[in-house]
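Chains as they are written, first to last, in this note's numbering: chain A, 4 to 211; chain B, 112 to 374.
Ideal Cβ positions, reconstructed from N, Cα and C, are used throughout, including at glycine.
Down below is the structure, laid out as structure tokens.
Have a look at this one:
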């Protein structure tokens, strides 16, 4: 049986390897982290409910404190749940998510499922795994801040974890949801990133 | 007494030769009272629409001010002429020097980017091979571990040891060993370099019609295309009041010039 306490989280591993900088504990960054978590929770609800017909997102209207669907009554339950205590500052992120889902059509098959790899002493929780219309199995990670070089290593490490449980993703996508309601995404498919991810893992195993 | 910049300009403006038309314009205005202040206060209330009596004031004013403007432009142009000539020379030196530096930068950038792309391509191939090799090795290693455990299970009698071995067997089958990927150091690594590379993305329109069609279909936002304003203006000038294009509205603005030969 796995002992979760022995497992190192991917993001912590990247910090320890010096690839991702240690985040200083400031009120501003704490706020940014909280906002990121809330956007992730919200995007999870949206992606779960709008997954099978991503185009229904087009009918999603966001007005002031309200967020509801114009076209799908069956989705109203999910939206109403969001409505209660809804933080309006998150609305632009939902618009950004909507934009991403329209620009990058994908049917998600796996959402926020944690992977514990005892053999590697690693654990990670990739945001989404899904299939693009052309059948490409893709890993998607949502980000609410800026683009950083370490993001590609985070995705590569997730890809390694997924690969070891038999899910072989060919594309890794960082989706950047911006506070102005826009979004952009970066597609990674380099084998070098995977090879470097293994180097990071092997160093981690040596230091264990 | 120190002369302020504004006063200096006023003094120079007073030196502008005045024509009869300009004199007329000056008559139509009253001095503001400031010593040396050339700019007059208008006798024409521009907040009010014109009437029969102020119409002629306005036409004379425009004629006079047109001439004043021409004189002012000429005077400043003369003052600027020697400066412009010097500036032209200095700009030429600057352009020549910077151009030669830019040329070197451009050529080295091209070579560097070419080398980086080649290295990236080679490293991609190297990584793919390294991953394949490491994967084969790991798979072999996993089979050996599984075989060893299975062999051990055939002769181990002790139940506790058997249980332990069986658990190990399940784990060994489930979890392959980590891949020992060996990669050479990146020869184009920028880590210790005094520069950093940034990709700049841009776009060149290859088929305007195709792009416009996509905008019409709504798959591309209208911001992607921009109306050719100089061409549209030229059409409007050519067709005058007959100008009619979808999505466009004719705009007419009237301008006034001094009549030729009148001073």
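Whole-Å CB distance - residue 160 of chain A paired with residue 200 of chain A, under 8 Å assumed:
For the purposes of this step, residue 160 of chain A is taken as residue 157 along the first chain, with counting starting at 1. For the purposes of this step, residue 200 of chain A is taken as residue 197 along the first chain, with counting starting at 1. Rounded, the Cβ-Cβ distance is 5 Å, consistent with contact.
Looking only at C-alpha atoms, which of B:159, B:179 and B:164 sits nearest to residue 368 of chain B?
Against the second chain, residue 368 of chain B aligns to sequence position 257. It is B:179.
Under 7 Å, Cβ to Cβ, is there at least one residue of chain A near residue 234 of chain B?
The residue given as residue 234 of chain B occupies position 123 in the second chain. So yes, residue 234 of chain B belongs to the interface.
Checking contacts by CB at 7 Å: is residue 123 of chain A closer than that to chain B?
Residue 123 of chain A sits at position 120 when you count from the first residue of the first chain. Yes, residue 123 of chain A lies at the interface with chain B (some Cβ there is under 7 Å from its Cβ).
Residue burial classification, residue 266 of chain B (beta-carbon count within 10 angstroms, cutoff 16)
Here residue 266 of chain B refers to the residue found at position 155 of the second chain. So residue 266 of chain B counts as exposed.
So is residue 21 of chain A in contact with chain B if we call contact Cβ pairs under 7 Å?
Within the first chain, numbered from 1, the residue matching residue 21 of chain A stands at position 18. No - not a single Cβ of chain B is within 7 Å of the one on residue 21 of chain A.
With 16 other Cβ atoms within 10 Å as the buried cut-off, status of residue 103 of chain A
Position 100 of the first chain holds residue 103 of chain A. Under this definition residue 103 of chain A is a buried residue.
Quick one, which of B:293, B:300 and B:164 has its alpha-carbon nearest residue 308 of chain B's?
Counting from one through the second chain, the residue named residue 308 of chain B turns up at place 197. Among B:293, B:300 and B:164, the Cα nearest to that of residue 308 of chain B is on B:300.
May I have the straight-line CA-CA distance separating residue 142 of chain A from residue 243 of chain B, to the nearest angstrom?
Residue numbering aside, residue 142 of chain A sits at position 139 when the first chain is read from its first letter. Residue numbering aside, residue 243 of chain B sits at position 132 when the second chain is read from its first letter. Spanning the two alpha carbons is a distance of roughly 21 Å.
Considering only DSSP beta bridges, list what residue 146 of chain A is partnered with.
As a working note, residue 146 of chain A is residue 143 in the first chain. The partner list for residue 146 of chain A (beta bridge, DSSP) reads A:179.
Please report how far the alpha carbon of residue 161 of chain B lies from the alpha carbon of residue 175 of chain B, in whole angstroms.
Indexing the second chain from 1 puts residue 161 of chain B at position 50. Indexing the second chain from 1 puts residue 175 of chain B at position 64. Cα to Cα, the separation comes out at about 18 Å.
Out of B:206, B:212, B:203 and B:227, which one is the CA nearest neighbour of residue 297 of chain B?
The residue given as residue 297 of chain B occupies position 186 in the second chain. With respect to the C-alpha of residue 297 of chain B, the residue from B:206, B:212, B:203 and B:227 having the closest C-alpha is B:227.
Contact check, residue 191 of chain A vs residue 158 of chain A, beta carbons under 7 Å:
Counting from one through the first chain, the residue named residue 191 of chain A turns up at place 188. Counting from one through the first chain, the residue named residue 158 of chain A turns up at place 155. Taking 7 Å as the Cβ cut-off, residue 191 of chain A and residue 158 of chain A qualify as a contacting pair.
Give the straight-line distance between the Cα atoms of residue 310 of chain B and residue 112 of chain A, rounded to the nearest whole angstrom.
Walking along the second chain from the start, residue 310 of chain B turns up at place 199. Walking along the first chain from the start, residue 112 of chain A turns up at place 109. Roughly 33 Å between the two C-alpha positions.
Return yes when the Cβ of residue 18 of chain A is within less than 7 Å of the Cβ of residue 126 of chain A, no when it is not.
The residue given as residue 126 of chain A occupies position 123 in the first chain. The residue given as residue 18 of chain A occupies position 15 in the first chain. No, Cβ-Cβ distance for residue 126 of chain A and residue 18 of chain A is not below 7 Å.
According to DSSP, residue 111 of chain A sits in a beta bridge with which residue or residues?
Looking up residue 111 of chain A in the first chain gives position 108. Answer by DSSP bridge pairing, in chain order: A:133.
Where DSSP assigns a beta bridge to residue 141 of chain A, which residues make up the other side?
Your numbering for residue 141 of chain A matches position 138 in the first chain. In DSSP, residue 141 of chain A forms a bridge with A:133 and A:174.
Select from A:29, A:138, A:180 and A:198 the residue whose C-alpha is nearest the C-alpha of residue 218 of chain A.
Any property of residue 218 of chain A remains undetermined from this structure, which presents chain A solely from 4 to 211.
Within 7 Å of any Cβ in chain B, is that where the Cβ of residue 153 of chain A sits?
The residue you call residue 153 of chain A lines up with position 150 of the first chain. Residue-level contact check: residue 153 of chain A does not touch chain B, since none of the beta carbons of chain B fall below 7 Å from its beta carbon.
Give the range of the alpha helix (DSSP H) segment to which residue 246 of chain B is assigned.
As a working note, residue 246 of chain B is residue 135 in the second chain. Taken as a continuous stretch (DSSP letters only), the alpha helix (DSSP H) holding residue 246 of chain B covers 163-266.
Residue 153 of chain A and residue 48 of chain A closer than 7 Å at C-beta
By 1-based counting over the first chain, the position of residue 153 of chain A is 150. By 1-based counting over the first chain, the position of residue 48 of chain A is 45. Contact flag unset, no.
Among the candidates A:202, A:16, A:28 and A:15, whose CA atom is the shortest distance from the CA of residue 293 of chain B?
Working through the second chain from its first residue, we reach residue 293 of chain B at position 182. Checking every option, the nearest Cα to that of residue 293 of chain B belongs to A:202.
So with CB distances below 7 Å, who are the chain B contacts of residue 194 of chain A?
The residue labelled residue 194 of chain A in the question sits at position 191 within the first chain. What residue 194 of chain A touches in chain B: 235, 238, 239 and 242.
Between the Cα of residue 210 of chain A and those of A:123, A:14, A:43 and A:39, spot the shortest distance and give me the residue it belongs to.
Counting from one through the first chain, the residue named residue 210 of chain A turns up at place 207. Closest by alpha carbon: A:123.
From residue 9 of chain A to residue 42 of chain A, what distance separates their C-alpha atoms?
To locate residue 9 of chain A, count along the first chain from 1; it is residue 6. To locate residue 42 of chain A, count along the first chain from 1; it is residue 39. C-alpha separation (whole angstroms): 29 Å.
Given that residue 202 of chain A touches chain B, what residues does it touch there, using C-beta distances under 8 Å?
The count along the first chain starts at 1 and reaches residue 202 of chain A at position 199. Scanning chain B for C-beta atoms nearer than 8 Å to the C-beta of residue 202 of chain A yields 292 and 294, reported in chain order.
Using C-beta distances below 7 Å, list every residue in its chain close to residue 197 of chain A, excluding the 5 sequence neighbours before and after it, in chain order.
Locating residue 197 of chain A in the first chain gives position 194, where the first residue counts as 1. Here residue 197 of chain A has 159, 162 and 163 as same chain residues with Cβ atoms under 7 Å from its own Cβ, once five neighbours each way along the sequence are excluded.
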